[in-house]
Amino acid sequence: ETFSLLYYEFDAATREPPPWEPESYKLIGRIAAGEGRFNTNSEVIINTEIKSIPVTKKGVYFAFRDQGACISLLAIKVYYITCPEVTINFAKFPTTPTGREVTFIEQATGRCVDNA
831 ETFSLLYYEF
841 DAATREPPPW
851 EPESYKLIGR
861 IAAGEGRFNT
871 NSEVIINTEI
881 KSIPVTKKGV
891 YFAFRDQGAC
901 ISLLAIKVYY
911 ITCPEVTINF
921 AKFPTTPTGR
931 EVTFIEQATG
941 RCVDNA
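The sequence shown runs 831 to 946 under the numbering used here.
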């Protein structure tokens, strides 16, 4: 019992999402139910999955494809990592998203602080 997690990157905004063509989307992974079931005490055990992708375009759609799995999505959190705003030697640099990988160096344009 699994479902597929896929994504589709794009550079231009459109009013309609991209058509559902599985070959257009990239597979992030297959998510299995694992231990997320009721145990003998009727307590619910919830699985947590963390996935990461390198985004190379301006936007991304995510798709969750269920083909008969008996599992539920309780929450989905999508976020990106940024470097904080910083002031160095009279120059102020804005909050900047990291590159495709957290360790990639990204160039940011700073501006002079007031009265500098």
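Virtual Cβ for every residue (Gly too), placed ideally from N, Cα, C.
Could you give the distance in angstroms between the alpha-carbon of E879 and the alpha-carbon of I861?
The straight-line gap from Cα to Cα measures roughly 8 Å.
P914 - DSSP class collapsed to helix/strand/coil:
coil
Using 10 angstroms around the beta-carbon of L835, count the other beta-carbons present and answer buried if the total reaches 16, otherwise exposed.
buried
What is the rounded straight-line gap between the Cα of T933 and the Cα of Y910?
13 Å
Straight-line gap, F840 to I935 (C-alpha atoms, nearest Å):
23 Å
Could you tell me the boundaries of the beta strand (DSSP E) in which F840 lies?
832–840
Name the two residues that bound the continuous beta strand (DSSP E) containing R895.
889–896
So what does DSSP say about P852, is it helix, strand or coil?
helix
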